[in-house]
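Just below is one structure, and these are the notes that go with it.
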Amino acid sequence: MTVLSSFSVVAPNHCFRFRSSATTNTIRMSLTETPSISKIIDSHLHVWASPQEASKFPYSPGQEPNLPGHVDFLLQCMEEAGVDGALIVQPINHKFDHSYVTRMDIALLDSTLICGHLMTNEIGKAIFKRAGELNVPVGFMCMKLCTEFPSTVVLLDHLAFCKPPLNDEEGLVFSKLLNLSRFPQVYVKFSALFRVSRTKFPYLDLSPHLSQVVSSFGANHVIWGSDFPFVVPECGYKGAKEAVHLIANQIPLPSSDLEWIMGKTAAQLFQSQLSSAK
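Heads up: the sequence shown begins at 1 in the UniProt record's numbering, then just goes up one per residue.
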């Protein structure tokens, strides 16, 4: 099993180093072992300490979780669902303290670099530009900077929170998302389906959305994400994976497109980090 962690990767067998200016962390990975076999990669999830671990990895005041999200639970869910890899996004529960993730031998690019301030100020622009120079994808929920810094890859979470439109105004918002396909560096996460759907599992009202996003961006610019552990009480972790297959079947999408969405896009997107890691 492979776990990618907020711009990094973990798995059980092969070790390599991911070096940054501040720290060096050991990470493991198997994504490049069998390139002919498509792997399932969850591009958006969170982990936080269990209550037993909280004394060592305390929660941010007022951000105590009300459901389990520890790493062992994640690995169990991934095993049961047949998911090979995962990209971890730092949760609000530990705020800017990444020690829980790093102690799991997961190399973490400090996400405070891309949140907390407008990316359009001078500091934000400098960070955004440098991310492009380092081939580091930037995940955020705004629609700017793509023209000024075309080499910086942008990830839009959760379909940019565009729900199936109920009126012309909402339809216009979704059209603006589709218009971002003119920037080849923009990728869309088909993630947290329970947050953007107006129906219950399997969220089939998102079929038109997925169809249009794939038509506009291409399947190789779309990546699936579960939003673990929040998805567990909604449809279960395995259900989050199954929903994408059911939605794709309803469109229908060719199996080759589904392979890109379920793992090939993420593997390709983060390949430069993997190949440059020592």
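Cβ coordinates follow ideal geometry from the N, Cα and C atoms, glycine included.
**OP:** Compute the beta-carbon to beta-carbon distance between V47 and I88, rounded to the nearest angstrom, for a pair I have assumed lies under 8 Å.
**Re:** Counted from its first residue, the sequence shown places residue 47 at position 47. Counted from its first residue, the sequence shown places residue 88 at position 88. Going by Cβ atoms, the distance from V47 to I88 rounds to 6 Å, so yes, they are a contact pair.
Original post:
Going by other Cβ atoms of all chains shown within 10 Å of its Cβ, with 16 needed for buried, is T23 buried or exposed?
Top reply: Residue mapping note: residue 23 aligns to position 23 of the sequence shown, counting from 1. Below a pLDDT of 50, predicted positions are generally treated as unreliable, and T23, at 25, falls in that range; the measurement from the model is reported next regardless. Looking at its Cβ environment, which holds fewer than 16 other Cβ atoms inside 10 Å, T23 is exposed.
Subject >> Continuous beta strand (DSSP E) assignments of at least 3 residues falling wholly in the segment 143 to 214 >> reply: 154 to 156, 186 to 191
Subject >> From I223, H221, V222, E242, residue whose alpha carbon lies closest to that of V231 >> reply: Counting from 1 along the sequence shown, the entry for residue 231 is found at position 231. Per the Cα distances, E242.
Original post:
When you compare only the Cα positions, how much space is there between K163 and N179?
Top reply: As a working note, residue 163 is residue 163 in the sequence shown. As a working note, residue 179 is residue 179 in the sequence shown. Taking the straight line joining both Cα atoms gives about 16 Å.
**OP:** Take the Cβ of K56 as the centre, count every other Cβ of all protein chains shown within 10 Å, and call the residue buried at 16 or more, exposed below.
**Re:** For the purposes of this step, residue 56 is identified with residue 56 of the sequence shown, where counting begins at 1. Exposed, by the Cβ-count rule.
**OP:** Might you give, ordered along the chain, the residues of its own chain that have their beta carbon closer than 8 Å to the beta carbon of G171, omitting 5 neighbours on each side?
**Re:** For this step, residue 171 is matched to residue 171 along the sequence shown. The residues are P165.
**OP:** Closer than 7 Å by C-beta to Q212: which residues in its own chain qualify, once you throw out the five before and the five after it? Chain order, please.
**Re:** On the sequence shown, position 212 is the one that residue 212 refers to. Taken in chain order, the residues that qualify are L178.
Subject >> F128 vs F149 beta-carbon contact at 7 Å >> reply: Residue numbering aside, residue 128 sits at position 128 when the sequence shown is read from its first letter. Residue numbering aside, residue 149 sits at position 149 when the sequence shown is read from its first letter. Going by C-beta atoms, F128 is nearer than 7 Å to F149.
Original post:
Can you find at least 3 beta carbon pairs, one from the segment 51 to 66 and one from the segment 205 to 225, that sit closer than 8 Å?
Top reply: no
**OP:** Pick helix, strand or coil for G218, following the three-state DSSP scheme.
**Re:** Working through the sequence shown from its first residue, we reach residue 218 at position 218. Residue state, collapsed to three classes: coil.
**OP:** Count the other C-beta atoms from every protein chain shown that fall within 10 angstroms of the C-beta of L156, then say buried if there are 16 or more, exposed otherwise.
**Re:** The count along the sequence shown starts at 1 and reaches residue 156 at position 156. Its Cβ being crowded by 16 or more others within 10 Å, L156 is buried.
Original post:
For A126, does the count of other Cβ atoms within 10 angstroms reach 16, so buried, or fall short, so exposed?
Top reply: What you label residue 126 is simply residue 126 of the sequence shown in a count that begins at 1. Looking at its Cβ environment, which holds fewer than 16 other Cβ atoms inside 10 Å, A126 is exposed.
Original post:
Can you tell me whether L134 is buried or exposed, with buried defined as 16 or more other CB within 10 angstroms of its CB?
Top reply: By 1-based counting over the sequence shown, the position of residue 134 is 134. Label assigned to L134: exposed.
Original post:
What residue does the alpha helix (DSSP H) around H44 start on, and which one ends it?
Top reply: Along the sequence shown, read from residue 1 onward, the residue named residue 44 stands at position 44. Here H44 belongs to no alpha helix (DSSP H); instead the beta strand (DSSP E) covers 41 to 45.
Subject >> Cutoff 7 Å: F73 Cβ touching any chain B Cβ >> reply: Protein chains in the displayed structure number just one, and chain B is not present.
**OP:** Compute the Euclidean distance between the alpha carbons of L145 and L74, then round it to the nearest angstrom.
**Re:** One-based indexing of the sequence shown puts residue 145 at position 145. One-based indexing of the sequence shown puts residue 74 at position 74. Cα to Cα, L145 sits roughly 34 Å from L74.
**OP:** State buried or exposed for D84, treating a residue as buried only when at least 16 other CB atoms are found within 10 Å of its CB.
**Re:** As a working mapping, residue 84 is identified with position 84 in the sequence shown. D84 comes out buried.
Original post:
In this structure, what does DSSP give as the bridge partners for W260?
Top reply: The residue labelled residue 260 in the question sits at position 260 within the sequence shown. Its beta-bridge partners do not exist; DSSP assigns none.
Original post:
Quick one: is D42 buried, meaning 16 or more other Cβ sit within 10 Å of its Cβ, or exposed?
Top reply: Within the sequence shown, residue 42 is the residue found at index 42, counting from 1. When all chains shown are included, D42 counts as buried.
Subject >> Three-state class that DSSP yields for G225 in the structure shown >> reply: Taking the first residue of the sequence shown as 1, we reach residue 225 at position 225. DSSP places G225 in strand when its eight states are reduced to three.
Original post:
Hey, G263 and S38: beta-carbon distance below 7 Å or not?
Top reply: On the sequence shown, residue 263 is found 263 positions in, with the first residue counted as 1. On the sequence shown, residue 38 is found 38 positions in, with the first residue counted as 1. Cβ distance < 7 Å, so G263 and S38 count as in contact.
Original post:
Is L45 closer than 7 Å to F270 when the C-beta atoms are compared?
Top reply: As a first step, residue 270 must be located in the sequence shown, where it is residue number 270. As a first step, residue 45 must be located in the sequence shown, where it is residue number 45. No, these two residues do not count as a Cβ contact at 7 Å.
Original post:
Under the rule that 16 or more other beta-carbon atoms within 10 Å means buried, what is L210, buried or exposed?
Top reply: In the sequence shown, the residue the question calls residue 210 occupies position 210. Buried.
**OP:** Name, in chain order, the residues that DSSP records as bridge partners for I88.
**Re:** In the sequence shown, the residue the question calls residue 88 occupies position 88. L45, per the DSSP bridge assignment.
Subject >> Counted within 10 angstroms of its Cβ, other Cβ atoms place T147 as buried (16 or more) or exposed >> reply: For this step, residue 147 is matched to residue 147 along the sequence shown. By the 10 Å Cβ count, T147 comes out exposed.
**OP:** Use the C-beta contact count for K189: other C-beta atoms within 10 angstroms, 16 or more gives buried, fewer gives exposed.
**Re:** Position 189 of the sequence shown, counted from the first residue, corresponds to residue 189. With 16 or more Cβ atoms within 10 Å of its Cβ, K189 is classed as buried.
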